[in-house]
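There are 2 protein chains.
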Amino acid sequence: MSRKNFLFQKSVNALLDILKNEYVVGDNLPSDLTIANRLDVSRSTARKTIDYMIEQGFIVKLGSQKTLYAMPQKSHYFAVNKQSMSKDKQVEEHFLNLILNGKIKPGDRFSELELARQSNCNTVTVREFLIRFSRFGLIEKSPRSQWQMKNFDEQFVDELYEVRHLFEMYSLSSFMQLEETKPHWQQLEALLLEHQEIEPHMEERFHEFPKLDQKFHTLMQSAQPNQFVSQFYDIISFVFHYHYQWDRNSEKDRNTVAVHEHIDIISKMLMKDYRGATLALEKHLNTAKESLKNTAIL
Amino acid sequence: MSRKNFLFQKSVNALLDILKNEYVVGDNLPSDLTIANRLDVSRSTARKTIDYMIEQGFIVKLGSQKTLYAMPQKSHYFAVNKQSMSKDKQVEEHFLNLILNGKIKPGDRFSELELARQSNCNTVTVREFLIRFSRFGLIEKSPRSQWQMKNFDEQFVDELYEVRHLFEMYSLSSFMQLEETKPHWQQLEALLLEHQEIEPHMEERFHEFPKLDQKFHTLMQSAQPNQFVSQFYDIISFVFHYHYQWDRNSEKDRNTVAVHEHIDIISKMLMKDYRGATLALEKHLNTAKESLKNTAIL
DNA sequence: CTTCTGATTTTTATAAGTAAAAAACAATTG
DNA sequence: CAATTGTTTTTTACTTATAAAAATCAGAAG
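Protein sequences, first through last, are from chains A and B. Residue numbers for the first sequence follow the working numbering, so the first one is 9 and each next one is one higher. Residue numbers for the second sequence follow the working numbering, so the first one is 9 and each next one is one higher.
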């Protein structure tokens with residue numbers, strides 16, 4: 009953003025919105041700091057946007073008193089296009105696209121320079137993104153050599169699921185210990201209904217499942233929030249999302265089975281059948297693991 | 009390294025070593041590729057070192073045949089000093105030093121630029137290091153603002169220990185299921201001896217404990233290796249190391265207690281007393297957690 | 001003396017450029 | 001023709017430079 013002052017432009021647009029919605033011509037405007045906080049930028053940037061407004065004639069200044077002089081129109085907004093993303097986001101989008109579309113497959117090597125060229129930015133930005141992304145454990149590099157997509161092998165899946173198993177079981181246990189009065193139980197009940205609602209219509213609505221899945225696991229974790237567990241879930245989610253791109257065909261079947269399994273787990277939980285819920289969860293995790301393994305390019 | 013051709017220099021030194029130890033004057037040398045592989049560098053670099061040797065007169069070339077012409081002496085080696093570290097390592101050393109010496113405390117903000125100046129390198133290198141380091145969850149930054157050392161609060165410790173507890177208990181369970189014939193049991197026995205050996209002399213030998221601790225946890229994990237678990241242990245180790253710098257006084261006491269607890273756990277494990285070992289481990293983890301909390305700057 | 005403003009300094013995000021190293025290519029030799 | 005060499009191209013690791021944004025500072029105004 010720094011070379012192209014997008015933050016400034018966004019601020020201008022945001023300020024125009026605020027002026028339009030909350031002030032009328034003749035009103036005095038609040039202090040720089042107030043505006044800066046409102047726009048969620050530094051005072052320097054807020055100041056620059058105000059100066060710009062003055063230049064454009066929307067605001068006049070008498071001493072240090074800022075007054076709204078004219079109402080801005082649509083045409084005064086800066087156009088916000090795709091390029092307004094930070095370079096970082098641009099790289100991210102490009103890279104995820106590549107791997108989600110199978111352009112980069114497990115075992116493949118790729119260079120920073122090439123990515124930089126493709127995503128129209130410089131190597132530093134690319135490299136910084138890749139370093140950040142490497143926390144997912146899907147790519148790695150050794151000094152002076154290119155990055156490599158790690159092999160997505162059986163062992164990787166096993167280890168991933170080992171930890172997932174531990175965490176999910178722990179979440180379940182924490183959840184089951186919640187007092188009856190906690191709102192979690194109502195949320196769980198509501199979630200059951202949502203599942204039951206789409207269950208008979210999976211033929212058409214199977215693509216709604218991922219959202220439910222997300223909800224379910226978030227709810228489970230909410231019983232005992234833990235930043236390390238959440239972090240790990242980011243990895244799981246990504247690996248799933250990443251991996252199933254190659255196997256769109258079986259998606260409907262997979263989701264249908266999963267909905268049933270979720271219903272099973274949640275029902276048992278609501279009946280306070282800890283043992284039953286554990287077994288159902290165990291089964292669910294195994295299904296997921298096996299299906300991942302079957303899809304995997306091993 | 010790139011500006012100062014350290015890899016080249018290291019290669020020269022390595023090749024000199026090889027020549028001295030494995031060849032005599034008059035010997036023909038193997039192919040570029042063979043040498044490159046041996047030096048663990050690309051052929052280009054290997055080639056450059058060979059060319060340098062020719063320039064220096066140690067090697068002569070007839071057509072494409074390389075022959076050792078003179079034996080190198082000590083004085084021909086490149087001096088390898090501290091600056092031979094990659095910039096990256098230099099930043100790492102500097103930064104860890106800062107936080108381990110309490111120069112940067114929880115909650116503190118710090119700038120990339122300052123670190124760059126202090127560690128005598130540029131902001132890009134610093135930033136890349138910080139991004140990599142941020143996986144430990146101890147620092148964070150939001151766009152356009154400085155980095156911040158996260159608060160090391162009770163919740164952080166609790167969450168850390170929650171996961172640690174899960175992992176350790178799982179490791180224990182995996183270990184206990186190992187067949188009697190596995191070498192792990194002998195290693196465990198040996199480890200018990202090591203503990204018992206220093207136990208009566210903790211007054212002087214308390215500083216030997218961290219190594220034992222490391223060994224113990226590595227051994228436990230070896231029963232069921234898992235990259236995610238190992239990764240998490242890196243965090244734990246670092247947090248410990250980091251944190252206890254501020255409380256050197258109680259180190260002896262802490263370690264003395266810990267040695268006893270380890271002995272307790274290992275003994276129970278060797279007796280195949282799973283229940284007893286679990287309880288002992290539970291106690292050990294609690295001690296550690298409490299001691300961390302007491303030290304913590306909350 | 002707190003809040004605000006205007007001016008100044010620092011820092012971040014990004015670009016452009018480059019020596020060193022790696023990789024790819026093409027010619028050659030055994 | 002497989003392995004090796006000499007040559008060329010590409011990439012990485014790093015430096016320097018700078019517009020944009022943030023942070024700081026010193027007065028001014030309430």
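Glycine included, C-beta positions come from ideal geometry on N, C-alpha and C.
Backbone secondary structure at residue i - three-state DSSP
i, result
"Gln235(B)", "helix"
"Thr189(B)", "coil"
"Ile112(B)", "coil"
"Leu146(A)", "coil"
"Lys1(A)", "A query on residue 1(A) cannot be resolved here, the shown segment of chain A reaching from 9 to 306 and no further."
"Arg256(A)", "coil"
"Phe137(B)", "helix"
"Lys12(B)", "coil"
"Ala69(A)", "A small fix is needed here, since residue 69(A) is Lys in this sequence, not Ala. The answer is strand: DSSP assigns Lys69(A) an E or B state."
"Met279(B)", "coil"
"Leu306(A)", "Model confidence at Leu306(A) stands at a pLDDT of 45, short of 50, so the residue's coordinates are unreliable and nothing is read from them."
"Asp7(B)", "One cannot answer for residue 7(B) here, as it falls past the ends of chain B, which runs 9 to 306."
"Gln81(A)", "coil"
"Leu300(A)", "helix"
"Ser127(A)", "coil"
"Pro151(A)", "coil"
"Ser181(A)", "helix"
"Asp48(B)", "coil"
"Asn29(A)", "helix"
"Ser245(B)", "helix"
"Asn89(B)", "coil"
"Ser94(A)", "coil"
Below-8 Å beta-carbon distance, residue i vs any chain A residue
i, result
"Phe16(B)", "no"
"Tyr250(B)", "no"
"Val171(B)", "yes"
"Leu300(B)", "no"
"Tyr241(B)", "no"
"Leu6(B)", "This structure cannot settle anything about residue 6(B), because the visible part of chain B is limited to 9 through 306."
"Leu174(B)", "yes"
For residue i, the residue or residues it bridges with in DSSP
i, result
"Asn36(A)", "Thr75(A)"
"Phe224(B)", "Partner(s): none; Phe224(B) has no beta bridge."
"Arg7(A)", "Residue 7(A) lies beyond the residue range present for chain A, which begins at 9 and ends at 306; the question has no answer from this structure."
"Val267(A)", "None; Val267(A) has no bridge partner."
"Val99(A)", "DSSP output for Val99(A) lists no bridge partner at all."
is_contact[residue i, chain B] using C-beta, thresh 8 Å
i, result
"Ile139(A)", "yes"
"Val132(A)", "yes"
"Arg135(A)", "yes"
"Gln235(A)", "yes"
"Leu306(A)", "Low confidence applies here, because Leu306(A) scores a pLDDT of 45, under 50, leaving its location unreliable and the question unanswered by this model."
"Gly115(A)", "no"
"Glu167(A)", "yes"
"Arg143(A)", "yes"
"Tyr178(A)", "yes"
"Leu27(A)", "no"
Residue i versus the options, residue with shortest Cα-Cα distance
i, options, result
"Leu70(B)", "Gly34(B), Asn159(B), Glu212(B), Ser94(B)", "Gly34(B)"
"His173(B)", "Val237(B), Asp40(B), Asn263(B), Arg55(B)", "Val237(B)"
"Gln195(B)", "Ser179(B), Val134(B), Ser181(B), Thr226(B)", "Thr226(B)"
"Asn302(A)", "Arg262(A), Asp281(A), Leu108(A)", "Arg262(A)"
"Glu170(B)", "Gln185(B), Phe240(B), Arg213(B)", "Phe240(B)"
"Met6(A)", "Thr131(A), Gln185(A), Gln232(A)", "What is shown of chain A runs 9 to 306, which leaves residue 6(A) out entirely."
"Pro151(A)", "Leu293(B), Arg143(B), Asp96(B)", "Asp96(B)"
"Arg256(A)", "Val88(A), Ile58(A), Ser72(A), Asn109(A)", "Asn109(A)"
"Thr264(B)", "Val247(B), Glu298(B), Phe224(B), His209(B)", "His209(B)"
"Asp48(B)", "Ser153(A), Arg283(A), Leu293(A), Ser181(A)", "Ser153(A)"
"Gly65(B)", "Ser72(B), Met79(B), Tyr178(B)", "Met79(B)"
"Phe246(B)", "Ile107(B), Phe14(B), Leu37(B), Ala22(B)", "Ile107(B)"
"Asp166(B)", "Tyr252(A), Glu290(A), Pro233(A)", "Pro233(A)"
"Arg125(B)", "Gly145(B), Phe144(B), Phe103(B)", "Phe103(B)"
"Lys260(B)", "Phe144(B), Ile243(B), Ser299(B)", "Ser299(B)"
query = Does the stretch 264 to 275 of chain A touch the stretch 217 to 226 of chain A, meaning 3 or more C-beta pairs lie closer than 8 Å?
reply = With a cut-off of 8 Å, the stretch 264 to 275 of chain A and the stretch 217 to 226 of chain A count as touching, because enough Cβ pairs lie within range.
query = Hey, is the stretch 56 to 64 of chain A in contact with the stretch 14 to 26 of chain A, meaning 3+ C-beta pairs nearer than 8 Å?
reply = yes
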